[in-house]
Each structure stands twice: as structure tokens, then as C-alpha cells.
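These notes concern the structure reproduced below.
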Amino acid sequence: MPIKHQLGNPTCYLILCFLAACKPCLAQLVINEFLADPAGADAGREFVELLNTGPEAINLLGVEFQFANGSVDADWDTRWRMETDWPLAPGEIFLLVDRNWQGEAVPQGQVWLGLQNGPDAIRLFWQGAVLDLVGYGSLTDPEMFEGEAVPLVSGLSLARRPDGWDTNNNLIDFVSASSTPGEANFNDYELRVESFGTEPPSLAQVGENLWLTVVLKNVGLLDIPTTELQVQLRSAEGESQTVLETLFAGCRSQEQCQVFLGFAPGRIGRFSVSLEFNLPAENALLNIQVGKLQVGAGEIYLSEVLSAPPNHQGEWVEVQAGAESVNLGQFKLRDEEGAWKDLPPVDLAPGEFLVVAQDSAALAQWHLENLVQGMVLDCPPGQLTESLRQMPGTWPSLNNNPPEDRSFADRVYLGDAFGTVLDHVTLPASNRLPDGPGLSWERMSHFPESPGWGDWRSCTAPQGGTPGCTNSVGDILNFGVDLSAEPPLLDSSLGIWVTHIRFVLTDDESNWHVEVFDLWGAMVRDLGGTASGPGTRDLIWDGKDDQGYRVPVGGYVVLLHKSRNNQSYRPVAKTLVVVR
């Protein structure tokens with residue numbers, strides 16, 4: 001394809017001439033880009049790109065591509081020779097690739113290249129004349145490079161910047177770059193994403209504020225001036241929405257620049273996040289995808305985390321499938337400092353739980369001890385042990401106290417196979433948990449109704465955690481009453497050990513407190529309370545008093561207190577539970 005050529009040192013054009021048999025001068029044929037050390041295996045991935053930098057077409061007949069092993073001497077081996085007439089137009093590229101080529105670009109020549117990884121040299125040769133010479137790696141023989149040899153970076157090409165630039169110094173002319181076989185090495189305007197992040201890393205609901213931070217590097221040939229910028233979200237179905245329009249301060253060529261913007265997505269889904277710049281050249285647009293964002297519940301989410309376990313129970317994380325069946329082997333888990341770790345390849349039905357544990361044996365022992373003490377998880381027998389797995393590999397040990405450089409102790413991230421964050425939970429310091437350490441941190445709602453409802457809460461179950469079972473502060477429906485007990489009957493002979501005390505706090509109700517009284521007005525159990533904001537609450541009462549003894553047969557009144565707008569507590573609702 002034709003590309004714009006920028007002239008280099010004028011002295012390199014003094015050698016313009018006609019070689020033997022009045023052939024057009026080939027001095028303006030250069031090695032424009034080559035890949036000598038691809039990522040992974042070299043075979044089928046190496047390439048060399050030739051470029052006509054002159055004003056007229058040239059004939060490649062008789063041109064040779066040669067290689068020399070720098071660890072030996074300047075002993076040149078011809079790897080390819082053009083045997084037929086081949087006119088190469090001004091600005092046109094000739095792509096020479098390794099045999100069994102695996103790239104997408106269409107080559108003009110295919111041969112065994114065997115470039116090796118340096119120190120080595122390559123050159124173009126024609127009827128006794130060296131047309132171009134490039135040395136790479138730690139070379140010392142001046143016959144194997146022009147000016148100075150250029151270092152080779154594994155996985156990257158060596159490319160002239162700009163295309164065709166030739167000062168007769170390899171170190172000046174070539175830079176390490178992403179491979180572009182058969183295409184221009186660098187565009188006038190091009191931005192590369194150095195890093196991408198959002199705060200929070202995923203959103204529980206639409207309308208929640210998000211801060212986007214992107215570090216870009218201008219790898220184009222020209223400075224990008226102050227210009228209009230749009231932030232766009234594109235769904236998997238290809239629908240695009242502009243969520244923000246603002247000004248971009250500009251970015252000089254070869255420098256880094258940062259985009260820091262806030263917006264509130266208005267739709268649920270998984271989106272590609274793109275930045276679109278309105279460039280000055282003929283109103284051209286530069287659109288670059290910078291990352292992905294999950295808004296609302298996806299196909300899988302985090303449900304419960306224990307980061308500060310008591311009694312050597314071990315840390316654990318509970319994940320739950322969404323509306324469709326999933327295989328956990330397609331997803332990953334990590335903490336704030338750690339690398340992504342594959343989850344076990346277990347099939348989950350819709351709504352089903354899986355618990356991955358630091359020490360599955362210790363967690364199973366904790367469960368048995370609770371059964372012996374009469375603490376029964378509110379789920380079918382054996383569900384915990386069936387849903388419990390040891391985490392493959394090393395466990396992402398969770399911090400209980402914040403490092404000096406951040407305000408939270410740790411974060412647990414759930415991601416897809418590509419590392420897109422689908423869900424996360426931020427863990428406070430163990431000494432800052434609203435109800436103290438030793439309790440699991442449970443998701444309050446998968447489908448929060450307002451911004452304050454997306455938070456997590458301390459577990460309210462008597463045993464301090466509900467691994468593999470429904471959360472004690474999980475989703476509840478708006479059942480149209482201020483307070484309910486479900487079931488309203490506790491009967492151990494029927495296997496009914498616990499009742500759910502359920503209520504909802506509105507957006508302006510931040511505090512609550514729940515107590516259980518006998519029919520004579522004596523308080524038998526304080527179920528606690530917090531000032532942790534609006535949302536659903538689902539407390540579990542196991543029919544025991546504050547000393548851990550089962551209460552006598554009879555009726556018990558559950559009393560709910562609320563505080564609105566930081567006012568004092570007031571009783572707002574009560575319901576009856578019968579124990580027999």
C-alpha cells in the first residue's frame with residue numbers, strides 16, 4: 001500500500017546512479033520492518049518488509065536478501081533472490097515471509113528466513129552492491145551494521161520511524177514496535193493504551209458514578225492537539241452509546257498522557273469502552289478501545305467472602321451462577337495484588353453456589369462443629385460439602401489491614417477468561433467491620449434498587465457465615481409489610497431450626513436494630529443492628545437467647561427499630577414467632 005515517505009539525511013541520496021545494464025538505481029530500496037524474534041515459536045512468524053522510498057518504480061529482479069550470523073563473522077548467506085521482473089511502485093511494500101506463514105497479511109514472497117535472535121545482521125544485495133544493511137544485537141563488526149547496531153526486543157518488530165527514514169544509522173532509524181507486516185509502521189495519529197482502570201472496577205447498577213483512568217502513549221508521528229473527546233460504551237450486540245463528551249488536552253508525539261473522567265452508565269450489560277478523538281486532519285476520527293466494563297449482575301458473581309476467619313477456619317470465597325448455567329473453568333479470581341487464578345472447572349446450575357477455600361478440610365470441620373453445637377445452616381443437608389472445593393494452586397491470601405498506599409484492606413475480583421472484571425468486593429480492615437471481625441462479608445443484593453443498596457454487609461447468621469447457602473442478608477422481595485418472620489414457627493421435631501427476620505430500609509433510613517422479647521416483655525435476644533445504609537435485611541434467629549440456650553416453648557415478639565435521617569431510634573414494626 002502507498003505510504004507517506006519522510007526524507008532522511010540528504011547525503012544518503014548522493015549515491016543515486018544507474019547500475020549495470022542501465023537498470024534503475026536500487027539505492028532507495030530499504031528494509032523497512034522485520035520481525036526476527038516473534039513471541040513463541042519463530043517458524044512461520046518471521047517476516048521482512050521491503051519499501052521503495054524513491055520517486056519512481058524500481059525492478060526487484062536480481063535483488064537478494066542475505067543473512068549473517070553475528071556470533072561468527074560477516075559471512076553472508078543468501079536466503080532469497082528475486083528471479084523474475086517485479087516492478088515496485090513508489091511507496092509500495094514487498095512483504096517477504098517465513099515459509100508456512102501464519103500471519104494474516106498477504107505476502108509477495110515466501111521462503112525460509114531463519115533470522116535468529118541476535119547478534120545478527122541482514123542486508124539487501126544486488127550485483128555486488130549493498131543496497132541496505134541492518135545489524136541487531138550486540139554486534140562489533142562494522143561490516144554488519146550502519147552507524148550503530150540496534151537492540152532487539154523479543155516479540156516486537158524493528159521498524160523505521162517514520163516509514164522509510166534512513167540516516168545510515170540503524171540505532172537512529174529503527175525502533176521496537178508492534179508488528180505491522182505489509183502496512184505502514186506508524187500513522188500520523190496513533191495512541192497506544194498503556195493502562196486502563198475504573199473505580200469502582202465493576203458497577204452493581206445503572207446510574208452509579210464511575211471514574212475512568214486511562215494512560216495513553218502517542219506513538220503516532222504527529223502531536224495530537226486539544227480536541228473533542230467522546231467516551232463510548234459498545235454492547236456485545238454492537239449497539240453504541242455516548243456517555244460523555246468533553247475536551248482532550250492533547251498529547252505530544254512519543255509522550256504519555258492521562259485521561260481521567262467521570263460518568264454514570266445508563267444500561268446494564270458488558271461493554272467495550274472506547275475513546276473517540278476528533279482529529280484536525282479533514283475531521284478524521286480516531287477511535288480506540290481501552291478496556292471493558294461490567295454494569296449490573298453478569299452470568300456469575302461473588303456472593304460471600306470470609307477474609308478474617310476465626311478458629312483457624314481458613315479464608316474462603318463463595319461464587320454464584322446467575323440466570324444461566326455456567327462452567328467455572330471459564331472464569332478467574334484474584335485479589336488486589338495477586339495474579340488471576342483459574343477457578344475449578346465445575347458446572348453450576350442457575351443460582352447454584354460454589355465455595356473455593358484456602359483450606360477446604362478446615363472449613364468442612366468448622367461446619368461439623370456447628371452441627372454438633374446445634375447451629376444449622378438454612379439450606380439442604382450436605383449442600384456445603386457438595387459445593388466446597390479447594391482452590392487450585394496457591395490461595396490469593398487476603399489482607400486484613402490496609403497497606404500504606406490505600407484505604408481498604410483488599411479486594412476480591414471475579415473475571416472472565418480475558419481478565420475483564422465481572423464483579424468485585426472491597427474488603428474493609430478487620431477492625432473496621434461494622435459488626436467486628438470473624439464474620440463473613442455478604443452481598444446484600446444482586447439487583448440493588450438504589451445506589452446505597454449495592455454495598456455488602458456483615459453476616460447476621462449465628463455461626464458467622466453461610467458458605468454454600470443463601471446469605472443472611474441476601475435478596476428479598478418487597479413483600480408489602482414492614483417486618484416479617486418466615487417461617488413464623490420454630491419446631492425442631494419438624495426440622496425447622498431457624499426463622500428469617502426480613503425487612504427493608506429505604507434510601508433515607510440508615511440505622512436499624514432488632515430485638516426479640518417474650519410475651520412478658522423481657523428481652524431474650526438482641527439481634528443487633530448497624531448504621532450501614534439502605535437496602536434489604538434478612539436476619540436469622542435460631543431460637544436461642546443471648547446466652548446460647550434455646551428459649552422455652554411459647555410466643556416471642558420481634559421488634560424492629562429504625563432511624564431516619566440520623567434521628568434517634570424508634571420502634572416501627574413487630575411480628576410474632578412461635579416456638580414449640
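Following my numbering, the numbering of the sequence shown begins with 1 at its first residue and continues without gaps. The beta carbon of each residue, even a glycine, is placed where N, CA and C say it ideally should be.
Fully enclosed beta strand (DSSP E) runs of no fewer than 3 residues occupy 29-35, 47-52, 64-69 and 77-81 of the stretch 26-96, in order along the chain.
Between the C-alpha atoms of N311 and L384 there is a straight-line separation of about 19 Å. Remark: C-beta atoms of W541 and V577 approach each other more closely than 9 Å. Taking C-beta atoms under 8 Å as the contact rule, A321 and P350 qualify, at a distance of about 6 Å.
Nearest to P487 by C-alpha distance, out of T499, L494 and S493, is T499. Nearest in C-alpha terms to S240, of all of L216, R270, S253 and L247, is R270. Within the same chain, and ignoring the five residues on either side of D75 in sequence, the residues whose Cβ sits closer than 8 Å to its Cβ are A68 and N69. Straight-line measurement puts the Cα of L222 at about 18 Å from the Cα of E183. For S360, the enclosing alpha helix (DSSP H) starts and ends at S360 to V372. Here Q102 really is in contact with R45; their C-beta atoms are around 6 Å apart, less than 8 Å. Between D98 and A43 a beta carbon distance of about 6 Å is seen, short of the 8 Å cut, so the two are scored as contacting.
Secondary structure of N170 (DSSP, three-state): helix.
Pairing L191 with I224 gives a Cβ-Cβ distance under 9 Å. The DSSP-derived three-state label of L427 is strand. Here G555 is exposed. Its C-beta has fewer than 16 other C-beta atoms within 10 Å.
Under the three-state reduction of DSSP, L113 is assigned to coil, being neither helix nor strand. DSSP places E386 inside the alpha helix (DSSP H), whose first and last residues are Q383 to E386. Counting along the chain, G535 sits inside the beta strand (DSSP E) bounded by residues G535 to W541.
In this structure, W441 lies near V305, with their beta-carbon atoms less than 9 Å apart.
A distance of 9 Å or more separates the beta carbons of L560 and W497. Inclusion of L139 and F47 in the CB contact set at 9 Å is not warranted, their separation being larger than that value. Contact annotation, V473 with T536: C-beta distance approximately 7 Å; criterion of less than 8 Å satisfied.
With contacts defined by Cβ atoms closer than 9 Å, V193 and V214 form a contacting pair.
Going by beta carbons, R334 and V219 fall outside the 9 Å limit.
Look at M523 here: in three-state DSSP terms it is strand. Distance from V206 to V295 at the Cβ level is roughly 6 Å; contact confirmed, criterion being Cβ atoms closer than 8 Å. Per DSSP, the beta-bridge partners of A121 are A68 and G135. Going by beta carbons, F34 and V134 fall inside the 9 Å limit. When DSSP states are grouped into helix, strand and coil, S492 belongs to the helix group. Selection L115, T78 and M82 evaluated against S71 yields L115 as nearest (Cα-Cα). According to the DSSP secondary-structure assignment, V150 is paired through a beta bridge with Y136. A distance below 6 Å between beta-carbons, with the five flanking residues on each side excluded, links A323 to the following residues of its chain, in chain order: P350.
Taking 9 Å as the cut-off, the beta carbon of N327 is found closer than this to the beta carbon of P345.
Residue pairing of Q547 in beta bridges, as defined by DSSP: absent, with no partner found.
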